[in-house]
Amino acid sequence: MLPLITLLLAACSGDTPDTSAPATATIVTVGVYGQEEDGSYVELGVDDLVFEIGLACQAWTRTAAGHDDAGGLDAVESAHDHHNAADETAYDGESVTWTEYGPEHTLSDIASTCAAGADGVTKQVNSTAYYEDKPGVYLRIKDVEER
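Every letter in the sequence shown is one number past the one before it in the numbering used here, and letter 66, counting from 1, is 145.
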């Protein structure tokens, strides 16, 4: 019995958690832009992409126009939601990088696709240049915040 008591006392003595610095999260906001005829960029009026760095499989939703079954998604004739997810997010002080999955038609499908880690596309965006994500759609860092 004595060795057990000694072990417990040794484990408890002086081991207090460090509460001097609260945990912080880096939040990177990426704006979504279109390009005008004169070459200037304007926000498209859709929700920004907001990434918490290091958080796995962060999903977002966009409204998509009807489409055929190209790209592996079932055909849908009318406007509907597309879901995407980002994993392996990183921020190096200048640019944000993530692996993007999707689109899928349901949140449960995009969660499964992201968790499987199959067919992702790596994207990297900074605050000084516009990254062409799709024809006519550009991304750029708008804000970085420590919370």
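Note that beta-carbon positions come from the ideal geometry of N, C-alpha and C, so glycine has one too.
Values in this document were obtained by computation on a predicted structure and should not be read as measured data.
For Asn205, the closest of Arg226, Cys193, Ser119, Val175 by C-alpha to C-alpha distance is Val175. For Ser157, no alpha helix (DSSP H) segment is defined, and its DSSP state is neither H nor E. Within the DSSP secondary-structure output, Gly110 pairs in a beta bridge with Arg219.
Measuring C-alpha to C-alpha distances from Glu224 to each of Ile132, Thr168, Ala195, Tyr120 identifies Ile132 as the nearest.
Apart from sequence neighbours up to five positions away, the residues of its chain that approach Tyr209 with a beta-carbon distance below 8 Å are Tyr112, Gln114, Tyr120, Tyr217, Leu218, Arg219, ordered along the chain. For the segment 113-200, the continuous alpha helix (DSSP H) assignments of 4+ residues that do not extend past its boundaries occur at 186-195, in sequence order.
The criterion of a C-beta distance shorter than 9 Å is not satisfied by Tyr180 and Val107.
In the DSSP assignment, Tyr210 falls within the beta strand (DSSP E) that extends over 210-213. Of all alpha-carbon atoms in Phe130, Ile189, Ser187, Thr142, the one lying nearest the alpha-carbon of Leu123 is that of Thr142. Comparing alpha carbon positions, the residue from Glu173, Asp160, His146 closest to Thr105 is Glu173. For Ala144, same chain residues with a beta-carbon under 7 Å away, outside a window of 5 residues either side, are Ala158 in chain order. In the three-state DSSP reduction, Thr105 falls in the strand class (E or B). Annotated as proximal: Ala154 and Asp148, with beta-carbon spacing under 9 Å. Ser191 and Thr178 have their C-alpha atoms some 15 Å from each other.
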